[in-house]
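There are 2 protein chains.
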Amino acid sequence: MAAILQAAIRVFGERPDASLENVAAVAGVTRQTVYAHFPTREKLLDAVIDLVTKEILAALDEAALDEGPAPAALLRLLDTSWRLLENYPVLMHAGSATPQDEVDRHEPISDRLYRLIRRGQEAGEFDRDLAPTWLVAAFIGIGHAAGAEVASGRMSHAEALTALRVSILRLFGAEPVRQSRKDSDPRSA
Amino acid sequence: MAAILQAAIRVFGERPDASLENVAAVAGVTRQTVYAHFPTREKLLDAVIDLVTKEILAALDEAALDEGPAPAALLRLLDTSWRLLENYPVLMHAGSATPQDEVDRHEPISDRLYRLIRRGQEAGEFDRDLAPTWLVAAFIGIGHAAGAEVASGRMSHAEALTALRVSILRLFGAEPVRQSRKDSDPRSA
DNA sequence: AGTAACTCTTACATGTATGTAAGATATCCG
DNA sequence: CGGATATCTTACATACATGTAAGAGTTACT
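Those sequence lines, one after another, are chains A and B.
Quick note on numbering: our numbering labels position 94 of the first sequence as 92, and the sequence is numbered without any gaps.
Quick note on numbering: our numbering labels position 62 of the second sequence as 60, and the sequence is numbered without any gaps.
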């Protein structure tokens, strides 16, 4: 049963509309065995989402996003999200099913991100010109872009993470958080 | 003929994996009539991509991206792309088919964007910390995010465009283009 | 040893999409 | 008028995925 779930996570991560036949093959069982545990395809999908959501929540709780300076918390959130995306490529396809599903899947991460943005903006650590809801969408969108770059082999995992960090901080209008700086003249925000 | 192509653009824009039955219905013809013009589904897809690509190239040529300051050209490119995305929602689903298709579809826009980034970075108008290829990916990713916000009704078209302008300029490390003065008209073509 | 849970094999039914084929009808143009 | 083109109707074949069903084999636990 657990093997089937893991297989489903892997397979749907590569191809969201893969058949149960594929999932069963990867799990090393037959299609009917899958049906023995999950009566319909949708139930299996639900189980996958539930499991992944639980892992996400646990990982985000460890990041303690409500504590410390907002920019540092943002980077913790970024690193955690990036690691989750690496472990669960299925998150890349969050928009493939119904819009309702999309919302549900990203809800745990986007909700915490939203609160973090609000906190940072109110403390003056993030620029206030852009609406928090938009920044949430942009964060996820740019994260997906980075994931796609890695998936296609155009960037390494490490390169993408570095680029992500810089990009997100810029986007949020945060002071650069002490990273290797080159000869770029600092503009005051 | 042309009606079928237009219908395909519309239908595939809403649902990339719609059946030819749907396309035919929207076009006001029967499925067999579609087959009379496009022997396979793939041929129809190719025709759609070809047509849209031509329109994109024409629109981008009008934007004169090689002339004037890079940040201004970037905004022209952004406005043009945004308008194209509005007219051809099918561009939102550029990653749904094979990876090869994705590259092909975005090539005309990403190639010109790449050259523009290089030009701006070499002239010192854009920050040099982020690789041009990454900025291309981030540009498209954030653009898609904006498109999704509009499609879901969470932002208006105008709100999204404004947020996009600010976000892209920040991301590219460009000096904020004089937008406090209202004489910078987005529609420059 | 015996029972229960799990899994396997095989088979069937259904739905949907793709693609092919043949013959009828309409329309436009020379 | 006559022929070419485009379209329509109806029908068939195929492929694939989903879901159901029955019966047999395997494993593990008691």
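Ideal placement from N, C-alpha and C gives every residue a C-beta, glycine not left out.
Min CB distance residue i to chain A below 8 Å
i	result
histidine 142 of chain B	yes
alanine 129 of chain B	yes
arginine 152 of chain B	yes
alanine 61 of chain B	no
glutamate 12 of chain B	no
glycine 118 of chain B	no
serine 188 of chain B	The structure shown does not extend to residue 188 of chain B, since chain B is modelled only from -1 through 187, so no value can be given for it.
alanine 135 of chain B	yes
Burial state of residue i (16 or more Cβ within 10 Å)
i	result
methionine 153 of chain B	buried
alanine 135 of chain B	buried
serine 150 of chain A	exposed
aspartate 59 of chain B	exposed
glycine 171 of chain B	buried
aspartate 188 of chain B	This structure cannot settle anything about residue 188 of chain B, because the visible part of chain B is limited to -1 through 187.
aspartate 125 of chain B	buried
alanine 22 of chain A	buried
glutamate 65 of chain A	exposed
glutamate 173 of chain A	exposed
arginine 13 of chain A	exposed
glutamate 40 of chain B	exposed
Cβ of residue i within 8 Å of any chain B Cβ
i	result
glutamate 123 of chain A	no
arginine 168 of chain A	yes
tryptophan 132 of chain A	yes
glutamate 65 of chain A	no
glutamate 164 of chain A	Checking the sequence shown, residue 164 of chain A turns out to be valine, not glutamate. Output row for valine 164 of chain A: interface = yes.
isoleucine 138 of chain A	yes
alanine 172 of chain A	no
alanine 161 of chain A	yes
glutamine 98 of chain A	Note that glutamine 98 of chain A scores 46 on pLDDT, short of 50, meaning its location in the model is unreliable; the coordinates nonetheless yield the value given after this. So no, glutamine 98 of chain A is outside the interface.
glutamate 147 of chain A	yes
Residue i vs residue j beta-carbon contact at 8 Å
i	j	result
leucine 42 of chain A	valine 32 of chain A	yes
tyrosine 86 of chain A	glycine 11 of chain A	yes
leucine 63 of chain B	leucine 114 of chain B	yes
alanine 161 of chain B	leucine 128 of chain A	yes
leucine 89 of chain A	leucine 169 of chain B	no
isoleucine 7 of chain A	alanine 25 of chain A	no
serine 165 of chain A	isoleucine 140 of chain A	yes
glycine 118 of chain B	alanine 56 of chain B	no
valine 9 of chain B	alanine 16 of chain B	yes
arginine 116 of chain B	proline 130 of chain B	yes
glutamate 105 of chain B	histidine 155 of chain B	no
Through-space distance from residue j to residue i, alpha-carbon basis
i	j	result
glutamate 120 of chain B	alanine 5 of chain A	47 Å
isoleucine 54 of chain A	leucine 82 of chain A	7 Å
valine 191 of chain B	proline 37 of chain B	Coverage of chain B is limited to positions -1 through 187, which leaves residue 191 of chain B absent and any answer about it impossible.
alanine 143 of chain B	alanine 45 of chain A	27 Å
arginine 74 of chain B	tryptophan 132 of chain B	20 Å
histidine 91 of chain B	alanine 61 of chain A	33 Å
tryptophan 80 of chain A	isoleucine 107 of chain A	12 Å
glutamate 123 of chain A	alanine 70 of chain B	28 Å
glutamine 30 of chain B	asparagine 20 of chain B	12 Å
Residue i: CB within 7 Å of a non-hydrogen atom of the ligand GDP
i	result
serine 17 of chain B	This structure lacks the ligand GDP, and indeed carries no ligand of any kind.
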